[in-house]
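Residue numbers (the numbering used here): 60 to 141.
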């Protein structure tokens, strides 16, 4: 199970909804999902927000975080809004 924490103020819920919808709709094309989400997460970071994933005591950001989310999608990804 991966825990993803989104800290982006009033946009946090929209970001979570986008990730859920986008990955579910496109999960058959891993490279497309990966490239789009890395860019999206950079954009969130540039706007002052932060998205971080945790799994088994490790912390993941940006491209590695996207890989972990994709790898764990079927097993479970939990979102928390800060």
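Quick reminder that beta carbons are idealized off the backbone N, C-alpha and C, glycines included. Since the model is a prediction, treat every value here as computed from it, not as a measurement.
Residue pairing of residue 139 in beta bridges, as defined by DSSP: 64. Two segments are said to touch when three or more pairs of C-beta atoms, one from each, lie closer than 8 Å; by this definition the region 92-109 touches the region 125-140. Contact annotation: residue 140 and residue 65 have beta-carbon atoms nearer than 7 Å.
When the beta-carbon positions are compared, residue 138 and residue 61 stay at least 7 Å from each other. For residue 69, the three-state secondary structure derived from DSSP is helix.
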